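Residue numbers (full-length UniProt numbering), protein chains in the order written: chain S, 1 to 149; chain F, 1 to 238.
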């Protein structure tokens with residue numbers, strides 16, 4: 001083997017080993033590196049009440065209810081398989097609307113209600129002009145966002 | 001492979017190519033941004049905020065493309081010892097870092113009105129920040145070598161190792177639940193309305209041409225410096 005070929009083999013082997021190590025690390029981090037629980041993963045995770053966690057998913061259509069005090073908002077976060085009741089006191093972000101994504105900071109109380117002390121809106125990967133919003137689901141057809149379904 | 005190894009031949013091609021890339025890129029970027037800012041409808045949920053996409057998305061692509069280029073050049077340097085590999089890797093690093101930073105800054109500005117936060121530590125944002133730090137590390141390592149025109153073995157190995165981060169950035173929104181949305185443009189198609197997609201392609205091509213022009217300029221400058229150094233050394237010997 002010429003030195004050039006030796007170096008090539010060495011580089012290829014090193015690269016494959018690196019990619020393998022990267023993939024292994026990534027799959028090991030699969031649970032830990034997720035930014036939030038979805039209602040389905042939260043149901044399985046057995047998180048103790050009071051522990052600070054994040055919950056993400058879709059705001060269920062028709063679920064947003066505001067209390068008489070004007071600052072407490074109750075809603076349901078859903079994914080494909082499960083739902084989770086959430087209560088939040090504070091100003092909601094502009095993009096916090098029914099049928100759209102949300103990520104809530106907070107904790108479960110003893111009754112299984114998620115008490116949020118921070119809300120972030122989550123935008124999906126579909127970009128649709130305002131005038132077309134009534135037919136937006138046709139453009140969103142190949143959407144990969146499992147939360148949207 | 002070694003057809004362009006002769007720096008004189010490379011310079012003969014790079015010299016006329018630089019202004020062409022620079023001006024076509026600049027015109028395309030200005031036109032696409034004007035189009036994107038003034039001729040495009042407001043988005044259903046985000047309103048006009050969506051228009052930062054025309055800078056943010058090309059910056060993210062080029063930040064990642066830059067490191068891919070560094071990794072390829074590093075392999076070529078280590079295996080074939082191509083004389084232009086080191087020069088090109090070092091030329092790519094600075095604009096790559098700038099575009100990665102631009103992606104982080106515009107993303108932050110976009111995140112505040114849409115998500116409600118300047119920054120979150122989710123997989124996508126964190127891996128992109130790591131890419132920016134990798135660029136800084138690579139620049140420091142490459143500059144630590146005394147030889148201007150070449151890439152040290154350490155820097156080349158670093159360039160290859162850092163490439164592991166590129167698929168992680170790409171897959172971060174698929175592997176892990178994240179604040180950042182999933183990819184809009186995939187092999188399967190696009191979920192971006194055509195009214196945004198065309199100016200986005202325009203600005204992406206425009207920024208890419210600009211990136212190419214900057215890289216060529218930096219390579220030519222580096223080759224000129226090498227020649228100056230060689231000439232000075234000869235004069236000193238005489």
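Using N, Cα and C, we set each Cβ at its ideal position, and we do this for glycine too.
These figures come from a predicted structure and were not determined experimentally.
Per-residue DSSP class, three states only, for residue i
| i | result |
| --- | --- |
| residue 31 (chain S) | coil |
| residue 105 (chain F) | helix |
| residue 121 (chain S) | strand |
| residue 159 (chain F) | helix |
| residue 190 (chain F) | strand |
| residue 185 (chain F) | strand |
| residue 60 (chain S) | coil |
| residue 105 (chain S) | strand |
| residue 66 (chain S) | strand |
| residue 55 (chain S) | strand |
| residue 215 (chain F) | helix |
| residue 222 (chain F) | helix |
| residue 96 (chain S) | coil |
| residue 115 (chain S) | strand |
| residue 6 (chain S) | helix |
Through-space distance from residue j to residue i, alpha-carbon basis
| i | j | result |
| --- | --- | --- |
| residue 63 (chain S) | residue 43 (chain S) | 20 Å |
| residue 114 (chain S) | residue 179 (chain F) | 19 Å |
| residue 193 (chain F) | residue 58 (chain F) | 17 Å |
| residue 168 (chain F) | residue 213 (chain F) | 28 Å |
| residue 21 (chain S) | residue 28 (chain S) | 10 Å |
| residue 17 (chain S) | residue 43 (chain F) | 44 Å |
| residue 219 (chain F) | residue 15 (chain F) | 11 Å |
| residue 72 (chain S) | residue 89 (chain S) | 4 Å |
| residue 53 (chain S) | residue 120 (chain F) | 14 Å |
| residue 69 (chain S) | residue 190 (chain F) | 43 Å |
| residue 181 (chain F) | residue 102 (chain F) | 19 Å |
| residue 39 (chain S) | residue 49 (chain F) | 30 Å |
| residue 57 (chain S) | residue 79 (chain F) | 48 Å |
| residue 66 (chain F) | residue 116 (chain S) | 40 Å |
| residue 78 (chain S) | residue 84 (chain S) | 6 Å |
| residue 86 (chain S) | residue 74 (chain S) | 6 Å |
Bridge-paired residues (DSSP) for residue i
| i | result |
| --- | --- |
| residue 129 (chain S) | F:43 |
Boundaries of the alpha helix (DSSP H) in which residue i is found, first to last residue
| i | result |
| --- | --- |
| residue 38 (chain S) | Where residue 38 (chain S) is concerned, there is no enclosing alpha helix (DSSP H), given that its DSSP letter is neither H nor E. |
| residue 173 (chain F) | 165-175 |
| residue 304 (chain F) | Since the first residue shown for chain F is 1 and the last is 238, residue 304 (chain F) is missing from the structure and cannot be characterised. |
For residue i, the first and last residue of its enclosing beta strand (DSSP E)
| i | result |
| --- | --- |
| residue 72 (chain S) | 72-78 |
| residue 83 (chain S) | 83-89 |
is_contact[residue i, chain B] using C-beta, thresh 8 Å
| i | result |
| --- | --- |
| residue 30 (chain S) | In summary, chain B is missing from the structure at hand, where the protein chains are S and F. |
- Are three or more beta carbon pairs between the stretch 96-110 of chain F and the stretch 20-35 of chain F nearer than 8 Å? With a cut-off of 8 Å, the stretch 20-35 of chain F and the stretch 96-110 of chain F do not count as touching, because too few Cβ pairs lie within range.
- Spell out a yes or no on whether the stretch 74-90 of chain F and the stretch 139-154 of chain F are touching, meaning 3 or more CB-CB pairs, one atom from each, closer than 8 Å. By the Cβ rule, the stretch 74-90 of chain F counts as touching the stretch 139-154 of chain F, because three or more pairs are nearer than 8 Å.
- Query: Do the stretch 33-42 of chain F and the stretch 196-206 of chain F meet, that is, are 3 or more Cβ pairs less than 8 Å apart?
  - Reply: Result yes; three or more Cβ-Cβ pairs closer than 8 Å.
- Message: Taking contact to mean 3 or more Cβ pairs, one atom from each stretch, closer than 8 Å, check whether the stretch 158-174 of chain F and the stretch 61-73 of chain F are in contact.
- Response: Contact between the stretch 158-174 of chain F and the stretch 61-73 of chain F is present, because at least three Cβ pairs lie under 8 Å.
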